[in-house]
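Residue numbers for the sequence shown follow this note's numbering, beginning at 177 and rising by one.
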Amino acid sequence: MLFSPQTEIVVPLPLFASLFLGICVVLYGLLLAPSATLPTRTKQILSIPFLTTLLVLPVKFHSRVGGFDLISSALGIAIWLRTLDLIWITPLREGTDAYISWDQLRQELWAPMRRRPMGASKKHDDEGDDDAKWRERTRSSWSLLPLLLLNY
């Protein structure tokens, strides 16, 4: 069986982290490539093995660091969903190109960690304040780190 516990392979942490990071860099690199240089259909075809590997990597391989395995699994699924949406779903549904600019990429990566300023209410979002739209959360995602460290 492909996904049985007996077939899991232990890899050193630096190798596992570099494979995982390399796949993520390639997927976001495909999105950053202009559509004139690399057409959307080519990006979609090139993304298939990387998207598959991103899902299989945390299942088939693991390091001896349990916390890293947990984080890489959750992060892998999140990146898989987002890049699948940007490369496959949005171009097929809306007929747009699979391309994001550097500013859009920065917002994609840092938006979950931004916070609403103290005292700001949600009514200001309707007035067109773009920065306030990205500061929806009241707690940072870094607040989960102590809980993960306590469990491992």
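Beta carbons: idealized from backbone N, C-alpha and C, even for Gly.
Option nearest residue i by Cα separation, candidates the options
| i | options | result |
| --- | --- | --- |
| residue 214 | 320, 276, 282, 284 | 276 |
| residue 234 | 254, 218, 283 | 254 |
| residue 184 | 200, 239, 197, 224 | 239 |
Residue range of the alpha helix (DSSP H) that includes residue i
| i | result |
| --- | --- |
| residue 193 | 189-208 |
| residue 249 | 242-260 |
| residue 284 | 278-286 |
| residue 215 | That residue, residue 215, is in no alpha helix (DSSP H); it is neither H nor E in DSSP. |
| residue 321 | 321-327 |
| residue 184 | Where residue 184 is concerned, there is no enclosing alpha helix (DSSP H), given that its DSSP letter is neither H nor E. |
| residue 272 | Careful: residue 272 lies outside any alpha helix (DSSP H) and carries neither H nor E. |
Environment of residue i [buried if 16+ CB atoms lie within 10 Å]
| i | result |
| --- | --- |
| residue 194 | exposed |
| residue 192 | buried |
| residue 265 | exposed |
C-beta contact flag for residue i and residue j at 7 Å
| i | j | result |
| --- | --- | --- |
| residue 324 | residue 241 | no |
| residue 219 | residue 231 | no |
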